[in-house]
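Numbers 2 to 332, taken from our numbering, label the letters of the sequence shown in order.
Reading through the structure tokens given below for one structure.
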Amino acid sequence: MIDIFRRFNPLNILWLALLLIILRGAYLLFGDAVPDEYPLQLAEPFFRALLPLAIVKTLPAYLSIWGAALVVLIQAILINYLINAYNLLGRPSFLPALMYVVLSGLFTPFLVLSAPLLCNFVIIWMLFKLFELYKTDDSKALAYDLGMLVAVGSLLYFPFTYFLAVVWIGLIIFRPFDWREWAATLIGYLTIFFFIGVVYYLTDKLPYLYRIWLPLGAKFAGPQVLDKYDFLSLIPVIAIFVLGTLKLQENFFKSYVLIRKAFQLFFFMVLIASVSYYVRPMFGLSHFILCVVPAAIFFAYYFLYASKRWMYETLFFLLITSIIYFQFNTF
Numbered sequence: 002m003i004d005i006f007r008r009f010n011p012l013n014i015l016w017l018a019l020l021l022i023i024l025r026g027a028y029l030l031f032g033d034a035v036p037d038e039y040p041l042q043l044a045e046p047f048f049r050a051l052l053p054l055a056i057v058k059t060l061p062a063y064l065s066i067w068g069a070a071l072v073v074l075i076q077a078i079l080i081n082y083l084i085n086a087y088n089l090l091g092r093p094s095f096l097p098a099l100m101y102v103v104l105s106g107l108f109t110p111f112l113v114l115s116a117p118l119l120c121n122f123v124i125i126w127m128l129f130k131l132f133e134l135y136k137t138d139d140s141k142a143l144a145y146d147l148g149m150l151v152a153v154g155s156l157l158y159f160p161f162t163y164f165l166a167v168v169w170i171g172l173i174i175f176r177p178f179d180w181r182e183w184a185a186t187l188i189g190y191l192t193i194f195f196f197i198g199v200v201y202y203l204t205d206k207l208p209y210l211y212r213i214w215l216p217l218g219a220k221f222a223g224p225q226v227l228d229k230y231d232f233l234s235l236i237p238v239i240a241i242f243v244l245g246t247l248k249l250q251e252n253f254f255k256s257y258v259l260i261r262k263a264f265q266l267f268f269f270m271v272l273i274a275s276v277s278y279y280v281r282p283m284f285g286l287s288h289f290i291l292c293v294v295p296a297a298i299f300f301a302y303y304f305l306y307a308s309k310r311w312m313y314e315t316l317f318f319l320l321i322t323s324i325i326y327f328q329f330n331t332f
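Structural data, given as structure tokens:
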């Protein structure tokens, strides 16, 4: 299957859709203890309270899972377009989309609609703008836009506020230091919350505005959401990660400057997304779908440049098998 996606063929979208149907449909049909409904929280409580709409709090399992599948398919196509547009893998393929579809099904909580999943749209949009930083001479407008995007993501899922650090790290990686670009990012972020503050003022809630940021001061606690079977399912993921690191190290200084800088950014994205878990620990494993966009690109790099077919096809088979086996058994 890997060789099919190594070629840039638009018909691969049909294979992606088929893979999504197999992974998610099998869980609905054969998964143990699939609930009738899943909770639906697609925005932060402080933002939902401002919307003059009736809030749906739950969705039937089939709607949540198939809705998430449609979102994942759209995101996979966008990621693939992003990577090929900036030639971040050296040659066009459909591997980034394939890896995103597969990794977005790694754990059962990834299969349903959630705020972190919607935030991946914002991450993809941010990556388009971050890579533009490398090409432009004056990036203050881009920095301002990136700050606004972080704020929009924070309205959906507040731990996304930490992606301000991703923007600033991107400025360090792609740009010479200019304090005005850093300030523009912060101003862009505060612009969105200025309008939130206006609504609070008009509804006599302004004294409570500061409470929006209180979760950032929560006591840090590492995630305790993985059991021993989850760790077993991570074995092929870790193997691919190690081999991908070796392959990237082998080709690192042969690659274009933009590619080297991009993978440095992806590393910090995964790190910051993981650390921000403590802000909303009630989301559990769903939080870590924020790591899937950069991880999918990294995995795509390995599968594109791996030379031993028996090895990379076996690893991919083990990855798919572990996802299916450990998700559809609760032991």
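Backbone N, C-alpha and C fix where the C-beta goes; we use that ideal spot for every residue, glycine too.
### Task
Would you mind reading off the limits of the alpha helix (DSSP H) that contains residue 135?
Per DSSP, residue 135 lies in no alpha helix (DSSP H) and is assigned neither H nor E.
### Query
Beta-carbon separation of residue 101 and residue 80 under 8 Å?
In this structure, residue 101 lies near residue 80, with their beta-carbon atoms less than 8 Å apart.
### Task
Could you say which of 112, 310, 52, 293 lies nearest to residue 273 if we only look at CA atoms?
Residue 293 is the option with its Cα nearest to residue 273.
### Message
Tell me whether the segment 309 to 325 and the segment 102 to 112 touch, counting them as touching only if at least three CB pairs, one residue from each stretch, are closer than 8 Å.
### Response
Output reads yes: the segment 102 to 112 touches the segment 309 to 325.
### Message
Please list the terminal residues of the continuous alpha helix (DSSP H) segment that includes residue 60.
### Response
It is not in any alpha helix (DSSP H) - residue 60 instead sits in the beta strand (DSSP E) that spans 59 to 61.
### Query
Is it the case that the Cβ atoms of residue 134 and residue 143 are separated by a distance below 8 Å?
In contact: residue 134 and residue 143 (Cβ atoms closer than 8 Å).
### Message
Just to confirm, is the Cβ distance from residue 151 to residue 164 under 8 Å?
### Response
Going by C-beta atoms, residue 151 is nearer than 8 Å to residue 164.
### Message
Beta-carbon within less than 6 Å of residue 1's beta-carbon, same chain only, minus the 5 sequence neighbours each way: which residues are those?
### Response
The chain is shown only over 2 to 332; residue 1 falls outside these bounds and no answer can be derived.
### Message
I'd like the list of long-range same chain contacts for residue 90, defined as Cβ closer than 7 Å, with 5 residues on each side in sequence excluded.
### Response
Result list for residue 90: 84, 301, 302, 305, in chain order.
### Task
State the Cα-Cα distance for the pair residue 29 and residue 154, rounded to the nearest angstrom.
The straight-line gap separating the alpha-carbon atoms of residue 29 and residue 154 is approximately 29 Å.
### For residue 39, the first and last residue of its enclosing alpha helix (DSSP H)
Counting along the chain, no alpha helix (DSSP H) covers residue 39; the unbroken beta strand (DSSP E) around it starts and ends at 38 to 40.
### Query
For residue 149, which of helix, strand or coil comes out of DSSP?
Residue 149 falls in the helix class under three-state DSSP.
### Task
Compare the beta carbon distance of residue 96 and residue 7 with 8 Å and say whether it is the shorter of the two.
Yes, these two residues count as a Cβ contact at 8 Å.
### residue 275: first and last residue of the uninterrupted alpha helix (DSSP H) it sits in
Membership of residue 275 in the alpha helix (DSSP H) is indicated by the continuous run 258 to 276.
### Query
Just checking my contact of residue 157 with residue 98 at CB under 8 Å: how many whole Å lie between their CB atoms?
That belief does not hold up - the Cβ atoms of residue 157 and residue 98 are roughly 23 Å apart, past 8 Å.
### Task
Express the C-alpha separation of residue 267 and residue 121 in angstroms, rounding to a whole number.
For residue 121 and residue 267, the distance between alpha carbons rounds to 14 Å.
### Task
With DSSP collapsed to three states, give me the class of residue 2.
DSSP, reduced to helix, strand and coil, places residue 2 outside both helices and strands of the structure shown, so it counts as coil.
### Query
In terms of residue numbering, what span does the alpha helix (DSSP H) encompassing residue 183 cover?
Judged by DSSP secondary structure, residue 183 falls within the alpha helix (DSSP H) whose first and last residues are 180 to 203.
#### Entry: Integer Cβ distance of residue 186 from residue 214, believed to fall under 8 Å
Their Cβ separation, rounded to whole angstroms, is 17 Å, which puts residue 186 and residue 214 out of contact at 8 Å.
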